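Only one structure is covered here, and it is reproduced in the block below.
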């Protein structure tokens, strides 16, 4: 099963994709947001092109577990993808994914201006990989 991982943002949307066995997540792309409807259309094209069978979107939660202000937008985004494509869409707790991505990039000595360009993709990879690890562990 092939998965698409999404780090949703109002300015940029990070994308990650799994291998065909649904074990390993890798970076895919970063989209500049052009509004909910156009973003969903773009995601639909990627889903068709890459033969995606399930979408996993990072759900922004506060450290106390409550939903952040952006969570409603993520819910609308997920519903739109589900309605347009008919494939399953799940949300996944993304707490600390951006911080983890930033630490990885700093440790890898990636310059600040390049970090800004790839952090959303790396956050999407972390979200998707955490989801895949959980699914593969629970499924055993």
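In the numbering used here, the protein residues as written are 3 to 142. For each residue, glycine too, the CB sits at the ideal point set by N, CA and C. All values reported here derive from a predicted model rather than from experimental measurement.
- Query: How many whole angstroms separate the CB atoms of residue 11 and residue 122, which I take to be in contact at a CB cut-off of 8 Å?
  - Reply: By one-based count along the chain shown, residue 11 stands at place 9. By one-based count along the chain shown, residue 122 stands at place 120. Yes, residue 11 and residue 122 are in contact; Cβ-Cβ is about 6 Å, under 8 Å.
- Task: Use the C-beta contact count for residue 78: other C-beta atoms within 10 angstroms, 16 or more gives buried, fewer gives exposed.
- Result: To locate residue 78, count along the chain shown from 1; it is residue 76. So residue 78 counts as exposed.
- Straight-line CA distance for residue 83 to residue 51? Within the chain shown, numbered from 1, the residue matching residue 83 stands at position 81. Within the chain shown, numbered from 1, the residue matching residue 51 stands at position 49. Cα-Cα distance, rounded: 15 Å.
- Message: Can you look up residue 37 in the DSSP assignment and give me helix, strand or coil?
- Response: The sequence position of residue 37 within the chain shown is 35, counting from 1. DSSP places residue 37 in coil when its eight states are reduced to three.
- Item | Straight-line Cα distance separating residue 127 from residue 44 | Reading the chain shown from its first residue, position 42 is the one you call residue 44. Reading the chain shown from its first residue, position 125 is the one you call residue 127. So the alpha carbons of these two residues sit roughly 19 Å apart.
- Item | Own chain partners of residue 28 with C-beta closer than 8 Å, once the 5 adjacent residues on each side are dropped | Numbered from 1 along the chain shown, position 26 holds the residue referred to as residue 28. Excluding sequence neighbours, residue 28 sits near 18, 19, 20, 21 and 127.
- Are the Cβ atoms of residue 68 and residue 96 separated by less than 9 Å? The residue given as residue 68 occupies position 66 in the chain shown. The residue given as residue 96 occupies position 94 in the chain shown. Result no, Cβ atoms of residue 68 and residue 96 do not sit closer than 9 Å.
- Among the residues of its own chain, which have a CB less than 6 Å from the CB of residue 156, if the five just before and after it don't count? The structure shown does not extend to residue 156, since the chain is modelled only from 3 to 142, so the question has no answer here.
- Message: Let me check you understand the geometry: is the CB of residue 32 closer than 8 Å to at least one non-hydrogen atom of the ligand NAD?
- Response: This structure lacks the ligand NAD; in fact it carries no ligand of any kind.
- Range covered by the beta strand (DSSP E) that runs through residue 9: The sequence position of residue 9 within the chain shown is 7, counting from 1. Counting along the chain, the beta strand (DSSP E) containing residue 9 begins and ends at 5 to 9.
- Of the listed residues 105, 30 and 113, nearest to residue 15 (C-alpha basis): For the purposes of this step, residue 15 is taken as residue 13 along the chain shown, with counting starting at 1. Out of 105, 30 and 113, 30 has the C-alpha closest to the C-alpha of residue 15.
- Message: In this structure, how does DSSP classify residue 43 when only helix, strand and coil are distinguished?
- Response: Numbered from its first residue, the chain shown carries residue 43 at position 41. DSSP places residue 43 in helix when its eight states are reduced to three.
- Query: If you draw a straight line from the C-alpha of residue 81 to the C-alpha of residue 93, how long is it?
  - Reply: Along the chain shown, read from residue 1 onward, the residue named residue 81 stands at position 79. Along the chain shown, read from residue 1 onward, the residue named residue 93 stands at position 91. Their backbone Cα atoms lie some 11 Å apart in a straight line.
- Which one or two residues does DSSP pair with residue 59 in a beta bridge? Within the chain shown, residue 59 is the residue found at index 57, counting from 1. Looking at the DSSP assignment, residue 59 forms a beta bridge with 8 and 93.
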